[in-house]
Amino acid sequence: MIRFILKRLLWMIPTLWVVATITFFLMRAAPGGPFQAEKEIPADIKANLER
Numbered sequence: 000m001i002r003f004i005l006k007r008l009l010w011m012i013p014t015l016w017v018v019a020t021i022t023f024f025l026m027r028a029a030p031g032g033p034f035q036a037e038k039e040i041p042a043d044i045k046a047n048l049e050r
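Heads up, the sequence shown is in numbering that gives the first Met the number 0, so the first residue is 0 and it goes up one at a time.
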């Protein structure tokens, strides 16, 4: 049983690395930035938020 747990823990390291790498490159490949499509907040809503 200990062998099984150790084997799973050792496989977790490369698996997490692959997932993190794929996620990084997918985010870099996406067009634009996170705030590029941000829309302006109407003045009345902005005033309510600042209260």
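Note that beta-carbon positions come from the ideal geometry of N, C-alpha and C, so glycine has one too.
All values derive from a computational prediction rather than experimental measurement.
Met-0 and Arg-7 have their C-alpha atoms spaced approximately 11 Å apart. Residue state for Lys-38 is assigned as coil, using DSSP reduced to three classes. Counting along the chain, Ala-29 sits inside no alpha helix (DSSP H), nor does DSSP assign it H or E at all.
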